[in-house]
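Each residue of the sequence shown is one higher than the one before, starting from 0 at the first, in numbering that gives the first Met the number 0.
Note that CB positions come from ideal geometry on N, CA and C, so glycine has one too.
Comments concern the structure below.
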Amino acid sequence: MFETLKNAWKIEDLRKKLIYTMLILLVVRIGSAIPVPFIDPSFLKAMVNSTGNLLGYLDMLTGGAFSQATLFALSISPYITSSIVIQLLTVAIPALERMAKEGPEGQERLKKITRYTTVALAVLQAVAFYTMFRNSLAVAYTDGFSGVLAAVTIVGAFTAGAMLVVWLGERIDEKGIGNGISLILFAGIVSRIPAAVGDMIKVMLEQGGVMWLWVPLIGLVFLAEIAFIVLMNNAERRIPVQYAKKVVGRKMYGGQSSFMPIKVNMSGVLPVIFASTFLAIPGTIGGFLNLDPIEHPYWTQFFNMFSYRSLLYAVLYFLLIIGFNYFYIAIQYNPIEMANNLRKNNGAIPGIRPGKPTSDFITKVISKITLVGALMLAAIAILPILITAVTGMNVALGGTSVIIIVGVALDTVRSLESQMMMRHYKGFLE
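Printed below as a string of structure tokens:
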């Protein structure tokens, strides 16, 4: 990875793109430090720590910008939600499905729909969070003209900040390196690593004793987790494919052997995001209700069952990741279409007849690979939860963070390698 960056820096064109990308990420981090008026960050930080997993998850995605009530407090969360919704609707609505298959023009129209949906979701989230801040006394002015001014300012700043982040991400796509939205998410999570390491060292120094053993052990576990994620992202099942020979005029085409790669982790981090968001809903509802444990002991106990420190949360998290992984693969990969494409290109899997037997074989292989990938993904995601339960140190969101960081880093390196290969390729004119 570092060798790839070093070689890319030597190429002037790539060096300009890298500098441009880093400048955009610097602007994003500056925007994540500009406070929004009328909000008390101390109230908001306490709310994030007590309300539930959804706010903590949002704070993780924004690199701590949400708990500090800054301009980019929503960051790319509305865009991520919008992209997932449009992606799911593309499978359910035939008009969107046809649009997705129309090539670059159709993709551009889908991007516009995603942007409009992002604006609507950003406004909705901003209004919801303002209402929560006002009820929790995190907003300085709640009555009269000052209350209206505070509401307009907070909602407008959050919405504008979210759309500005999306625009900056698209600039990286056009003039930088890698996927802009993913890199912004990557930068936000990485920015929290020094504070997280500092908190762990502080706990180790304050509590001492067994923590002198636990903290280095947790560091080694996370290094092993990173290596495992890299292995999982690169692992694939290769189905052999044989193409038939075809004579066109005086030339013979085909006849070569190839393979159909099926990655073990086909869904990436999306099942973890789905499961985290789904399980965060009960805890967030409990935080909005602000129940008194003495007056409502049963409801309080019910919502506490969905705390990330509970056994029930870990079990449900594990099962939901597996379920969402199967769901995502089912809507993204169509074995019948894959079998038809093979037959159209005069290809066949050795020992398997074309048509339904081929699609059945591909379905069986995908089902097995999906199960393996889902189990590996779920194990990585719940490992920090188990560490939190054993040590008492809050690292429960670490699994999602590590998966995102490693995935984005690998994709960016692949993008750099492909661009370097294009620039060093000697064409037939040379």
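- Relative to the Cα of Thr69, the nearest Cα in the group Leu43, Ser309, Thr80 belongs to Leu43.
- Restricting attention to Asp39, Asp198, Leu222, Leu219, the CA atom closest to the CA of Arg133 is found in Asp39.
- For a cut-off of 8 angstroms, the C-beta gap from Val90 to Ile330 is around 5 angstroms, short enough to register as a contact.
- In the same chain as Glu416, and ignoring 5 residues on each side of it, the C-beta atoms closer than 7 angstroms to its own belong to Thr3, in chain order.
- Tyr56 is positioned such that its CB atom lies closer than 8 angstroms to that of Thr276.
- Apart from the 5 residues on each side of it in sequence, Ser400 sits with its Cβ closer than 7 angstroms to the Cβ of Met59, Ile188 in its chain, given in chain order.
- Under the three-state reduction of DSSP output, Met304 falls in the coil class, being neither helix nor strand.
- When DSSP states are grouped into helix, strand and coil, Thr69 belongs to the strand group.
- The C-alpha of Leu88 is placed about 10 angstroms away from the C-alpha of Ala94.
- Counting only runs of 4 or more residues that sit fully inside the segment 299-373, the alpha helix (DSSP H) segments are 310-331, 334-343, in chain order.
- The residue from Phe227, Pro34, Gly197, Leu184 with its alpha-carbon nearest to that of Ile272 is Leu184.
- Taken atom to atom, the span from the alpha-carbon of Pro239 to that of Ser257 is near 6 angstroms.
- If you draw a straight line from the Cα of Tyr129 to the Cα of Ile293, it comes to about 28 angstroms.
- Ranked by Cα distance from Ala159, the first of Ala149, Ile192, Ala125, Val147 is Ala125.
- Of the residues Lys262, Met375, Leu13, Leu319, the one whose Cα lies closest to the Cα of Ile361 is Lys262.
- When rounded, the separation of the alpha-carbon atoms in Gly197 and Val405 is 21 angstroms.
- About 18 angstroms separates the beta carbon of Leu167 from that of Val35, a gap too long to meet the 8 angstroms contact definition.
- In the three-state reduction of the DSSP assignment, Ser31 falls in the coil class.
- Segment contact: the segment 326-340 against the segment 348-360, three or more CB-CB distances shorter than 8 angstroms; contact assigned.
- Runs of beta strand (DSSP E) with 3 or more residues, each lying fully within the segment 197-224, are absent.
- Per DSSP, reduced to three states, the secondary structure at Ser190 is coil, with no helix or strand assignment.
- With 16 or more other CB atoms across the displayed protein chains lying within 10 angstroms of its CB, Phe71 is buried.
- Ile320 and Ala373 do touch by the CB rule: their CB atoms are close to 6 angstroms apart, below 8 angstroms.
- The alpha carbon of Ile75 has as its nearest neighbour, out of Ala243, Lys174, Leu212, Met162, the alpha carbon of Met162.
- Across the structure, Thr117 and Thr80 are spaced so that their CA atoms are roughly 8 angstroms apart.
- Distance check between Ala195 and each of Arg14, Phe221, Leu212, Gly177 places Phe221 closest, using alpha-carbon atoms only.
- In this structure, Pro349 is the residue among Leu204, Pro349, Val412 with its C-alpha nearest to the C-alpha of Met259.
- By DSSP's assignment, Arg236 forms a beta bridge with Ile261.
- In terms of Cβ geometry, Ser266 and Ile335 do not form a close pair [threshold 8 angstroms].
- DSSP, reduced to helix, strand and coil, places Gln255 outside both helices and strands of the structure shown, so it counts as coil.
- As DSSP reads the structure, Ile38 sits in a beta bridge with Val138.
- As computed with DSSP, Tyr242 is found in a beta bridge with Gly346.
- Assigned with DSSP and collapsed to three states, Thr411 falls in helix.
- Straight across, the Cα-Cα distance linking Thr20 with Leu148 is about 36 angstroms.
- No Cβ-Cβ contact shorter than 8 angstroms links Ala274 with Phe227.
- Closest in alpha carbon position to Gly63, among Val389, Ser190, Asp12, Met304, is Ser190.
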